[in-house]
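Just below is one structure, and these are the notes that go with it.
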């Protein structure tokens, strides 16, 4: 028993490791076709084989024929294919939010895009971010049933609102928070809600403790940021604006 076990271990150790270079070309192509354009350009410099594969005419067609599947809870019994779609909009670099029957996120290829998936019509769309928003980090949020962007640029937090929903040229600068006002906070997590008196309710990372999230309000008129006595603990903690109502979450599953 001991000899046979030792022999089996020796035979297992003798099996050569399989690397990505040993894969058939059609599998390598399938893997590369699922990457973003920037990643594909980087892969072209890895080796001659990958460069040659990405230059083949069929690779471009393969890259455009990514397939998306949908499963609707309570309706579908299995995943449904949307068939051959155009290239799915960009690499996701933000959280996904829901507004007016669509899922929104920020993606990137060569430019930054706001992408969305219309749930009822079951199709993807995307549009580039306006150039005047700046080149800093951009975040997407839903506030008071409206689409908002906030970005960090030139030592300022800038908040943009889509004034006319669906008009992607209607982004308007709503508020600006200067760096000296938020020096005690590490970074803005998200804008939660505008209160009745005009203050902005938001969450920040605690500069003294990376595991804590601060709840604070900012008054754009007086330019005063006030921390709430409550805070959230844990790296994955988060906050949402609650609207009291009599509807049960279970109704959504019926």
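Numbering (the UniProt record's numbering), first residue to last: 1 to 254. For glycine and all other residues, C-beta sits at the position ideal for the given N, C-alpha and C.
Straight-line measurement puts the Cα of residue 25 at about 51 Å from the Cα of residue 214. Put simply, the stretch 192-204 touches the stretch 141-158. At least three CB pairs are less than 8 Å apart.
Burial check for residue 71: the Cβ neighbour count within 10 Å stays below 16, so the residue is exposed.
In the structure shown, residue 158 adopts extended strand secondary structure according to DSSP, grouped into three states. DSSP, read as helix, strand or coil, puts residue 246 in coil. Residue pairing for residue 202: DSSP places it in a beta bridge opposite 191 and 216. Assigned with DSSP and collapsed to three states, residue 128 falls in strand. Residue burial annotation: residue 30 is exposed, with fewer than 16 other C-beta atoms found within 10 angstroms of its C-beta. Counted as a single uninterrupted DSSP element, the beta strand (DSSP E) harbouring residue 148 occupies residues 146-153. Closest in alpha carbon position to residue 194, among 228, 166, 167 and 145, is 145.
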